[in-house]
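> Protein sequence lines correspond, in order, to chains A and B.
If you number the first sequence the way the numbering used here does, the last residue is 744 and the count never jumps.
If you number the second sequence the way the numbering used here does, the last residue is 1162 and the count never jumps.
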Amino acid sequence: MLASGETLVAVAETDLDERLRFATGAVALTNRRLLSRVNGDDAWREWPIDASMELRLRDHAGAGSLDLFAGDRLLARWRFTLGRLPAVQKMSERFAEVRRDPDASPAAAEPSAPVCGRCGAEVPPDDEECPRCGADAESPPSPRNLFRLWRFAQPYRARLALGFVLTLGATAATLVPPYLTMPLMDRVLIPYGKGVPIDVGLVATLLAALFASVFAAWGLGWARTYVLALVSERIGADLRTTTYEHLLRLSLEYFGGRRTGDLMSRIGSETDRICLFLSLHLLDFATDVLMIAMTAAILISIDPWLAMVTLLPLPFIAWMIHLVRDRLRHGFEKVDRVWGEVNNVLADTIPGIRVVKAFAQESREAGRFREANRHNLAVNDRVNLIWSVFSPTVTLLTETGLLVVWAFGIWQVSRDHITVGVLTAFLAYIGRFYTRLDSMSRIVSFTQKAAAGAKRIFEILDHVSSVPEPAKPVALPALKGRIELRGIHFRYGNRAVVKGLDLAIEPGEMIGLVGHSGSGKSTLVNLICRFYDVSEGAILVDGVDIRSLSVPAYRSNIGLVLQEPFLFFGTIAENIAYGRPDATRADIVAAARAAHAHEFILRLPHGYDSLVGERGQSLSGGERQRISIARALLIDPRILILDEATSSVDTQTEKEIQKALDNLVRGRTTIAVAHRLSTLRRADRLVVLDRGEVVEVGPHDELMAREGAYFRLYQAQARNVDESDDDRWTPQVIPATRAAGGGA
Amino acid sequence: MNADAVVQAFGFRLSRNASGRLVFTSATGEVFEGVVPVRAFPITSPEEGFALVTAEGRELAWIARLADLPEPDRLLVDEELAAREFLPEIRRLVQVSSFATPSTWTVETDRGPSVFVLKGEDDIRRLSHSMLLVTDSSGVHYLVRDHARLDRASRRLLDRFL
Ligand SMILES: Nc1ncnc2c1ncn2[C@@H]1O[C@H](COP(=O)(O)OP(=O)(O)OP(=O)(O)O)[C@@H](O)[C@H]1O
Ligand SMILES: [Mg+2]
Chain A
1 MLASGETLVA VAETDLDERL RFATGAVALT NRRLLSRVNG DDAWREWPID
51 ASMELRLRDH AGAGSLDLFA GDRLLARWRF TLGRLPAVQK MSERFAEVRR
101 DPDASPAAAE PSAPVCGRCG AEVPPDDEEC PRCGADAESP PSPRNLFRLW
151 RFAQPYRARL ALGFVLTLGA TAATLVPPYL TMPLMDRVLI PYGKGVPIDV
201 GLVATLLAAL FASVFAAWGL GWARTYVLAL VSERIGADLR TTTYEHLLRL
251 SLEYFGGRRT GDLMSRIGSE TDRICLFLSL HLLDFATDVL MIAMTAAILI
301 SIDPWLAMVT LLPLPFIAWM IHLVRDRLRH GFEKVDRVWG EVNNVLADTI
351 PGIRVVKAFA QESREAGRFR EANRHNLAVN DRVNLIWSVF SPTVTLLTET
401 GLLVVWAFGI WQVSRDHITV GVLTAFLAYI GRFYTRLDSM SRIVSFTQKA
451 AAGAKRIFEI LDHVSSVPEP AKPVALPALK GRIELRGIHF RYGNRAVVKG
501 LDLAIEPGEM IGLVGHSGSG KSTLVNLICR FYDVSEGAIL VDGVDIRSLS
551 VPAYRSNIGL VLQEPFLFFG TIAENIAYGR PDATRADIVA AARAAHAHEF
601 ILRLPHGYDS LVGERGQSLS GGERQRISIA RALLIDPRIL ILDEATSSVD
651 TQTEKEIQKA LDNLVRGRTT IAVAHRLSTL RRADRLVVLD RGEVVEVGPH
701 DELMAREGAY FRLYQAQARN VDESDDDRWT PQVIPATRAA GGGA
Chain B
1001 MNADAVVQAF GFRLSRNASG RLVFTSATGE VFEGVVPVRA FPITSPEEGF
1051 ALVTAEGREL AWIARLADLP EPDRLLVDEE LAAREFLPEI RRLVQVSSFA
1101 TPSTWTVETD RGPSVFVLKG EDDIRRLSHS MLLVTDSSGV HYLVRDHARL
1151 DRASRRLLDR FL
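#1: Does at least one heavy atom of ligand 2 sit under 8 Å from the Cβ of A/Q625?
#2: For B/E1033, list the residues DSSP reports as bridge partners.
#3: Against A/G692, what residues of chain B qualify as contacts under a CB-to-CB distance less than 8 Å, listed in chain order?
#4: Please specify which runs of the alpha helix (DSSP H), each continuous and at least 4 residues long, are wholly inside the segment 573 to 640 of chain A, giving them in chain order.
#5: Taking CB distances under 9 Å as the criterion, tell me whether A/G257 reaches chain B.
#6: Residue range of the alpha helix (DSSP H) that A/F359 falls in?
#7: How would you label A/D50, buried or exposed, when you count the other beta carbons within 10 angstroms and need 16 or more for buried?
#8: Only counting the same chain, and skipping five residues up and downstream in sequence, which positions put a Cβ closer than 8 Å to that of A/V379?
#9: Give a yes or no on whether 9 Å exceeds the smallest Cβ distance from A/G62 to chain B.
#10: Give me, in chain order, the residues of the same chain whose beta-carbon lies closer than 7 Å to that of B/S1097; leave out the 5 immediate sequence neighbours on both sides.
#11: Taking 9 Å as the threshold (C-beta atoms), are A/G667 and A/G508 in contact?
#12: Shorter than 8 Å, the distance from the beta carbon of A/Q617 to the closest heavy atom of ligand 2, or not?
#13: For A/E614, would you say it is in contact with chain B, using Cβ-to-Cβ distances shorter than 9 Å as the test?
#14: Consider the C-beta atom of A/S648 and the heavy atoms of ligand 2; say whether any pair is separated by less than 8 Å.
#15: Could you give the distance in angstroms between the alpha-carbon of A/V88 and the alpha-carbon of A/R58?
#16: Using a Cβ cut-off of 9 Å, which residues of the segment 32 to 53 of chain A contact any Cβ in chain B, in chain order?
#17: With 8 Å as the limit, tell me which residues of the segment 367 to 396 of chain A have their beta carbon closer than that to any beta carbon of chain B; keep them in chain order.
#18: Using only the heavy atoms of ligand 1, determine whether one of them is closer than 8 Å to the beta carbon of A/R497.
#19: Would you kindly report the start and end of the unbroken beta strand (DSSP E) that includes A/A63?
#20: Which residue marks the beginning of the alpha helix (DSSP H) containing A/G331, and which one marks its end?
#21: Counting only beta-carbon separations shorter than 9 Å, does B/E1089 have a partner in chain A?
#22: Would you please verify whether the beta carbon of B/R1111 is less than 9 Å from any beta carbon of chain A?
#23: Mapping the DSSP letters down to three states, classify A/G236 as helix, strand or coil.
#24: With the cut-off set at 9 Å, would you say B/E1085 and B/R1039 are in Cβ contact?
#25: Quick one: is B/V1134 near chain A, going by C-beta distance under 9 Å?
#26: Could you please give me the residues that DSSP links to B/H1141 through a beta bridge?
#27: Anything in the segment 1074 to 1106 of chain B with a Cβ closer than 8 Å to a Cβ of chain A? List those residues in chain order, please.
#28: Relative to the C-alpha of A/S269, which candidate in A/T241, A/F285, A/L252 has its C-alpha closest?
#29: Could you pull out every residue in the same chain whose Cβ sits closer than 7 Å to the Cβ of A/H246, ignoring the five residues on either side in sequence?
#30: Is A/F568 buried or exposed, if buried means 16 or more other CB atoms sit within 10 Å of its CB?
#31: Taking the beta carbon of A/S4 as the centre, do at least 16 other beta carbons fall within 10 Å, making it buried, or is it exposed?
#32: Report whether the distance from the Cβ of A/D643 to the nearest heavy atom of ligand 1 is below 8 Å.
#33: Whole angstroms is fine: what's the gap from B/L1150's alpha carbon to B/V1107's?
#34: What residues of chain B sit near A/L74, judged by a beta carbon separation below 8 Å?
#35: If you draw a straight line from the C-alpha of A/F531 to the C-alpha of A/L250, how long is it?
#36: Could you check the C-alpha separation between A/A632 and B/G1029 for me, to the nearest Å?
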């Protein structure tokens, strides 16, 4: 297919047609031509490459578009879903190279890193598979989540073993009394019925033995229960804390997609149920199995035939368990999720209670809660239906079994195959045996419940942070604070927010980040703090990619004041010292002074010891903001990031904070985001962002002189007019047409 | 009302240029290239409420109902919408690789068959009581308009994730 001297440079698969219907196809780039075809269609279409050609790439709402232009004329357009974007992107980059120099040696044009065949993303040399596809590949965690829980039980295996031994002893002890009924019956009571006097010595021995076994069973049972309860609590606590610790390490992306209530119910109630299962039910189950095995052994040793009849219901029960097991588990999974939903409603409305009340929507929220509960009931009812049928059925089977044993036993006695004593002992054992069977079958429900919970817990535990800690972090010497953004791209889901941004910030420089609302300022801050990882390009601090630094070590160099200040429940002093719990009181006061929070704090009834309430709700917005500034200052960071740090304070206070900040900013790399441009007058350079791209960089005076984007922003503010006032265009509104000839 | 009168009333014209982009010409003769039509409620009410916005995202015109536009403009807008909007609607679940996530789903949509990877159960969001939005691992959204109205087999598969 290729002509001589022609080499294949890149291939990208496409998966949509022009009307955005799914259809596979491919685009191939050689050093001479661009080729494409749609699957099922053998013919390749081709476009010889010439200097006027250009490939443009864009995407919207999950679908990308690759357009081939010759000058301004559209020659061809290929569509694909986001999954194919990296491969297409690679190809369009190679296209630019080929167009520039078609005869560059292909070897030189080879990408330095191996490329994943599926998505085109680069595979890091030390990785076997593509990090992008690898994560997607079908590697569902083992469904045997319950076995994976062993990791939590393992540290306690000695105590679990002790519990098991005690269980064994207690079980054995409870099996002695029915055995002793045999001689009581056959050697005492029945001979007495035939006129033989009662052997008092024998009776006394038997009764003493009986009592001893009962007493032993009590003691062992007590020890067992205590030991197991002890272990149970510990396993539960471990499971909870491990899950929580893991959760805390996950990236913001994870939290962006989750509901608070659901996470709370997973960590709270589901871990509890699992630990209960691990320590109690599982042990109970073991006891039951033991008991049944022992009883079966005793029964068989006494009379094999009768024993066979006794064991008759077992296969039925096993079959039933098999039937309901899966259904129960799904049922319980649903119950768990619905329970999470109920919690979600609470986690939504309680923090938002002011809004609920302000708009008088209490009854609607109550309705939402009632609805969640109703759903909860419905789901529960369904599980209970399955479960409630199950248990009585087991009882029915065992009761029937008992009848069969009676009938078979009497028949055997009548034919003198067994004695009355043997039958009595049998019946005594069977009673226990069947009770055990009953309780053992109950484990099905507990197991499935725990399995459902374990699945949800492991969903958290198996989640790998999308901001991974490097395997071998580069040691971080004292930071100088040079920040370099190199061609960074970033998208939230399928929405590209930062597009090819380059910026270098010198140590100690103060950068003012300005731009319209939604232009990506906070996103940039998130990227610099490594709350998210860039999808392309790199952020370097002192020349080191921040992805190769240990995350906590890196962040400890950053003081961050967020757009929405968040305070924790606790005192003001605790909140200020949040990033440095060992700070002295003098440090705390100094930081508060610098942030101009000192005076208002002193006005509070308990000064620095005042409680701020949940999320700091007992403070005003500006007060919260000043505390969060103090918090950032206290850690004495090399890099200070202020995202609208002074947006909620009055101009007077802002000026004061500004003065304080001016001192503090000195010598630190500072990135300040502000809408009030006057706040940024001290900035060494201003960076104007627009829709994820840098449009202007430079000091205030220079940008003003340039009369560009910054100038317009500044003018708009100086005139103190709403920005939309200088819109040249007001949208035309076309109302819905009324029916022809209608009225007006 | 004849078509000309409508054009008058709307006061703008649409056309497509050689680079395949929509060009908007206002009543006063201002020309905007690369305008895009956007539905305001693409999921809950796709037939009502359209805006024509510039490439920078500024609104140029609001159209309450597409049917109100004169014929040539409407076709252009229709075409542009079809090439821009991508929200496949799942009609049937053919197969899921596992009930534990990540799971590979094979589905039939109104845009043909597709295969995608569901990363976690949280990527299925409820938009309303019956409507679900599924996000695949690369960020593409799929819509399930009414999960109660899917066929039995699909419902059973989907149910395992809800
Ligand atoms: N977690 C998120 N998920 C999806 N999109 C997001 C998320 N956070 C922000 N965005 C989008 O990214 C864009 C940039 O948001 P960003 O918060 O960076 O803006 P900003 O410049 O800080 O605006 P403002 O001045 O209003 O604070 C916005 O269009 C926003 O809708
Ligand atoms: Mg912001």
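In this text, a Cβ means the ideal position worked out from N, Cα and C, and glycines have one as well.
The relevant details are as follows:
#1: What you label residue 625 of chain A is simply residue 625 of the first sequence in a count that begins at 1. No, ligand 2 has no heavy atom inside 8 Å of this Cβ.
#2: Working through the second sequence from its first residue, we reach residue 1033 of chain B at position 33. B/E1033 is bridged to B/V1023.
#3: For the purposes of this step, residue 692 of chain A is taken as the residue at position 692 of the first sequence. Residues of chain B passing the Cβ test: none, with the nearest at roughly 12 Å.
#4: 585 to 594, 598 to 603, 621 to 634
#5: Residue 257 of chain A sits at position 257 when you count from the first residue of the first sequence. Yes - at least one Cβ of chain B is within 9 Å of the one on A/G257.
#6: As a position in the first sequence, residue 359 of chain A is number 359, starting the count at 1. From DSSP, A/F359 is part of no alpha helix (DSSP H); its letter is neither H nor E.
#7: Residue numbering aside, residue 50 of chain A sits at position 50 when the first sequence is read from its first letter. Looking at its Cβ environment, which holds fewer than 16 other Cβ atoms inside 10 Å, A/D50 is exposed.
#8: Your numbering for residue 379 of chain A matches position 379 in the first sequence. Closer than 8 Å at Cβ, skipping near neighbours: G331, K334, V335, V338.
#9: Here residue 62 of chain A corresponds to residue number 62 of the first sequence, with the count starting at 1. Yes, contact with chain B.
#10: Start at 1 with the first residue of the second sequence, and residue 1097 of chain B comes out as number 97. Result list for B/S1097: S1103, T1104, in chain order.
#11: In the first sequence, the residue the question calls residue 508 of chain A occupies position 508. In the first sequence, the residue the question calls residue 667 of chain A occupies position 667. In this structure, A/G667 lies closer than 9 Å to A/G508 by Cβ.
#12: Locating residue 617 of chain A in the first sequence gives position 617, counting from the first residue. False, no ligand heavy atom lies under 8 Å from that Cβ.
#13: By 1-based counting over the first sequence, the position of residue 614 of chain A is 614. No, its Cβ sits nowhere closer than 9 Å to a Cβ of chain B.
#14: Here residue 648 of chain A corresponds to residue number 648 of the first sequence, with the count starting at 1. Every heavy atom of ligand 2 is 8 Å or more from the Cβ of A/S648, so no.
#15: As a working mapping, residue 88 of chain A is identified with position 88 in the first sequence. As a working mapping, residue 58 of chain A is identified with position 58 in the first sequence. A/V88 and A/R58: Cα-Cα distance of roughly 11 Å.
#16: none
#17: none
#18: Locating residue 497 of chain A in the first sequence gives position 497, where the first residue counts as 1. For clarity, residue 497 of chain A is Val in the given sequence; the question names Arg instead. Yes, Cβ of A/V497 sits closer than 8 Å to a heavy atom of ligand 1.
#19: Locating residue 63 of chain A in the first sequence gives position 63, where the first residue counts as 1. Note, A/A63: beta strand (DSSP E), 63 to 70.
#20: Taking the first residue of the first sequence as 1, we reach residue 331 of chain A at position 331. Here the alpha helix (DSSP H) through A/G331 covers 313 to 349.
#21: Taking the second sequence and counting its residues from 1, one reaches residue 1089 of chain B at position 89. It does not; no Cβ of chain A falls within 9 Å.
#22: As a first step, residue 1111 of chain B is located in the second sequence; it is residue number 111 there, counting from the start. At least one chain A Cβ lies under 9 Å of B/R1111.
#23: Counting from 1 along the first sequence, the entry for residue 236 of chain A is found at position 236. Helix.
#24: As a first step, residue 1085 of chain B must be located in the second sequence, where it is residue number 85. As a first step, residue 1039 of chain B must be located in the second sequence, where it is residue number 39. In contact: B/E1085 and B/R1039 (Cβ atoms closer than 9 Å).
#25: Numbered from its first residue, the second sequence carries residue 1134 of chain B at position 134. No, B/V1134 lies away from the interface with chain A (no Cβ there is under 9 Å from its Cβ).
#26: As a working note, residue 1141 of chain B is residue 141 in the second sequence. DSSP output for B/H1141 lists B/T1135 as bridge partner(s).
#27: A1082, A1083, R1084, E1085, F1086, L1087, P1088, S1097, S1098, F1099, A1100, T1101, P1102, S1103, T1104
#28: On the first sequence, residue 269 of chain A is found 269 positions in, with the first residue counted as 1. Residue A/T241 is the option with its Cα nearest to A/S269.
#29: Looking up residue 246 of chain A in the first sequence gives position 246. If we look at A/H246 and ignore the five residues flanking it on each side, its Cβ neighbours are I460, L461.
#30: Residue mapping note: residue 568 of chain A aligns to position 568 of the first sequence, counting from 1. Classification for A/F568: exposed.
#31: For this step, residue 4 of chain A is matched to residue 4 along the first sequence. That one is exposed.
#32: Counting from 1 along the first sequence, the entry for residue 643 of chain A is found at position 643. Indeed, a heavy atom of ligand 1 lies less than 8 Å from the Cβ.
#33: Position 150 of the second sequence holds residue 1150 of chain B. Position 107 of the second sequence holds residue 1107 of chain B. B/L1150 and B/V1107: Cα-Cα distance of roughly 12 Å.
#34: Here residue 74 of chain A refers to the residue found at position 74 when the first sequence is read from its first residue. Simply A1018, S1019, G1020.
#35: Residue numbering aside, residue 531 of chain A sits at position 531 when the first sequence is read from its first letter. Residue numbering aside, residue 250 of chain A sits at position 250 when the first sequence is read from its first letter. The alpha-carbon atoms of A/F531 and A/L250 are separated by roughly 10 Å.
#36: For the purposes of this step, residue 632 of chain A is taken as residue 632 along the first sequence, with counting starting at 1. For the purposes of this step, residue 1029 of chain B is taken as residue 29 along the second sequence, with counting starting at 1. Straight-line Cα distance between these residues: approximately 54 Å.
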